[in-house]
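To start, the structure under review is shown below, and the notes come after it.
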Amino acid sequence: MMRHPGRAAPGPAPGRALRNYSDTETEGEIFNSLVQYFGDNLGRKVKTMPLVEETSLLEGSSVSLPVVIIGNGPSGICLSYMLSGYRPYLAPEAIHPNAILHSKLEEARHLSIVDQDLEYLSEGLEGRSSNPVAVLFDTLLHPDADFGYDYPSILHWKLEQHHCIPHLVLGKGPPGGAWHNMEGSMLTISFGNWMELPGLKFKDWVSNKRRNLKGDRVMPEEIARYYKHYVKVMGLQKNFRENTYITSLSKLYRDQDDDNNQDRDISTKHLQIEKSKLIKRNWEIRGYQRIADGSHVPFCLFAENVALATGTLDSPGHLEIEGEDFPFVFHSMPEFGAAVNKVKLRGKVDPVLIVGSGLTAADAVLCAYNNNIPVMHVFRRRVTDPNLIFKQLPKKLYPEYHKVYHMMCTQSYSADSNLLSDYTSFPEHHVLSFKSDMKCILQSVSGLKKIFKLSAAVVLIGSHPNLSFLKEQGCYLGHNSSQPITCKGNPVEINAYTYECVKEANLFALGPLVGDNFVRFLKGGALGVTRCLAVRQKKKHLFVERGGGDGIA
């Protein structure tokens with residue numbers, strides 16, 4: 000599980016020659032080679048790439064990319080792997096410990112999992128995800144992992160290039176997403192093999208990087224390097240573009256049943272175009288690429304399908320109280336860790352206030368505690384709350400977190416005592432406000448208020464995705480359209496087996512956006528999306544072969 004954790008250049012002028020794709024292309028040449036690449040993959044009918052200058056809309060072409068993936072973390076990487084034609088099959092000698100599931104797999108052993116009925120295979124399975132395909136794929140990759148077993152995957156992978164669906168993956172940084180920005184001194188909550196992606200065992204990769212393999216938990220920086228290496232070794236680089244930021248994702252065509260024909264983003268002229276052509280350009284994606292000199296180069300491209308794989312770590316949660324914007328109040332572990340590392344807080348007499356009851360807050364407690372910085376730990380829950388994450392972690396595997404939980408239970412504040420020298424917990428308390436003289440006001444569940452002097456505060460109460468490029472900040476896609484999208488409280492509402500957004504056709508979401516914050520489970524989203532697109536591609540091919548279409552776009 001990720002504890003801390005989660006976009007191009009203008010097109011060429013008419014007539015300008017385009018070069019072949021090269022791994023050494025510079026940042027400013029991000030899309031110049033895509034006409035050649037996608038032309039080769041899409042077939043002879045593809046004449047141009049729908050990449051245009053910011054001031055034009057390329058009126059003459061109906062071609063669009065089949066898929067654009069927004070986000071290059073493990074969700075986006077795994078989806079790219081499967082869209083590139085990699086297919087999972089039941090391994091020849093494999094036997095799944097779940098006899099019923101194994102019997103179902105044997106019924107269609109000759110078919111890849113992508114070509115099978117995922118609803119049928121998922122039926123009756125249980126796991127730590129609310130998405131059935133995520134549970135299915137996890138049990139195929141890590142059979143009985145939740146029972147403490149380390150069984151090998153029952154799948155083997157084949158590259159079937161005829162199944163390749165051309166796509167582009169846009170990310171702010173290098174492949175791996177938010178893993179490159181996480182606090183490097185903390186261990187991951189999940190085992191290393193649970194972080195791995197299909198086709199490359201993490202243990203095999205890491206064994207070449209370090210000698211000491213005693214622990215199964217690893218540093219986030221190792222995971223980040225693994226993901227970056229994975230993209231290279233699997234030959235996915237041609238699909239990835241770094242330093243790209245999306246500013247707008249808008250629907251170019253809505254079916255007559257969508258929103259009663261409201262909110263159309265296309266001109267009357269376009270509405271007169273035959274629907275069979277227009278539907279191939281469903282989405283307009285605008286943004287910019289940050290190049291080496293720091294400048295921003297705008298781009299605009301079109302896609303038939305878009306997959307949201309942004310994660311949910313973009314915007315840290317705020318208490319929305321007075322004084323929260325003072326410079327001594329932090330909202331992320333990297334900020335807090337940097338302050339500790341710069342010796343800004345060491346030797347301070349006044350305590351650090353840590354707000355939150357999750358694992359990231361526990362990391363902050365450990366960071367301060369291990370640097371001899373006194374801690375005030377404030378959280379709204381009771382220490383006996385069964386939903387506290389610590390109750391879900393085995394003590395032997397996670398001793399440091401159980402140390403924090405033990406202190407939460409045994410070193411709590413009482414009105415008739417002073418703060419303890421190293422750590423004091425404040426269960427069922429919340430912060431009312433921060434003051435400019437570095438004081439805070441806390442209030443207990445009974446209404447009792449108390450003022451404390453601080454050296455710093457860090458608020459770690461979760462995070463939200465940055466979906467500012469979508470209308471309504473993406474809220475309309477959630478189960479509760481009046482609230483922001485969050486991993487736990489209000490994920491994107493999707494079809495359970497295709498991962499297509501219930502409220503927006505041809506838009507998919509996976510990973511933390513749909514509640515799968517464990518790398519183990521977000522891989523199921525890639526399976527669901529790939530199957531859905533593969534089925535539609537097959538139907539489209541049959542339609543064209545029977546003379547019903549004008550070519551594949």
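In numbering that gives the first Met the number 0, the protein residues as written are 0 to 552.
No residue lacks a Cβ here, since even glycine has one placed at the ideal position from N, Cα and C.
- Glu118: member of the alpha helix (DSSP H) spanning Leu117 to Ser121, first to last residue.
- Note: Asn304 is bridge-paired with Val66 in the DSSP secondary-structure output.
- Beta-carbon to beta-carbon, Pro350 and Met375 are separated by about 5 Å, close enough to satisfy the 8 Å threshold.
- Between Phe517 and Leu447, the alpha-carbon positions lie close to 38 Å from each other.
- For Ile372, there is no enclosing alpha helix (DSSP H), as DSSP marks it with neither H nor E.
- Between Ala338 and Ala455, the gap from beta carbon to beta carbon is short of 8 Å.
- Comparing alpha carbon positions, the residue from Ser79, His101 and Phe301 closest to Leu124 is His101.
- In the three-state reduction of the DSSP assignment, His295 falls in the strand class, which pools E and B.
- As the crow flies, the alpha-carbon of Leu139 is around 27 Å from that of Asn238.
- In this structure, DSSP gives Ile99 a helical state, which the three-state scheme calls helix.
- Nearest in C-alpha terms to Leu89, of all of His155, Pro65, Pro373 and Ser443, is His155.
- By the C-beta density criterion, Val232 is exposed, having fewer than 16 other C-beta atoms within 10 angstroms.
- The segment 156 to 175 makes contact with the segment 76 to 88, as at least three CB pairs between them are under 8 Å.
- Sequence-distant partners of Glu321 (beyond 5 residues in either direction) whose C-beta falls short of 6 Å from its own C-beta, in its chain, are Ser432.
- With fewer than 16 other beta carbons inside 10 angstroms of its own, Asp324 counts as exposed.
- Per the coordinates, the alpha-carbon of Ala93 lies some 9 Å from the alpha-carbon of Pro151.
- The beta carbon of Val132 sits closer than 8 Å to those of Leu117, Ser121, Ala495, Tyr496, Tyr498, Gly523, Gly524, Leu526 and Gly527, all from its chain and outside the five residues before and after it, given in chain order.
- The three-state secondary structure of Glu471, taken from DSSP, is helix.
- Per DSSP, reduced to three states, the secondary structure at Thr383 is coil, with no helix or strand assignment.
- Boundaries of the alpha helix (DSSP H) around Tyr225: Pro219 to Val232.
- Beta-bridge partners assigned by DSSP to Phe425: Val377.
- Taking Arg285 as the centre and dropping the five residues before and after it, the same chain places the C-beta of Thr246, Ser247 and Cys299 closer than 6 Å to its C-beta, in chain order.
- In this structure, the CA atom of Pro174 is about 10 Å from the CA atom of Tyr225.
- Put simply, of Pro65, Ile76 and Ser63 the residue whose alpha carbon is nearest the alpha carbon of Leu509 is Ile76.
- If you look at His166, you'll find it in the beta strand (DSSP E) that goes His166 to Leu169.
- In this chain, the alpha helix (DSSP H) harbouring Val403 covers Pro398 to Thr409.
- Around the Cβ of Asn130, a 10 Å sphere holds 16 or more other Cβ atoms; the residue is buried.
- Approximately 10 Å separates the beta-carbon atoms of Val382 and Met406; this is outside 8 Å, ruling out the contact.
- Here the alpha carbons of Tyr80 and Gln288 stand approximately 24 Å from one another.
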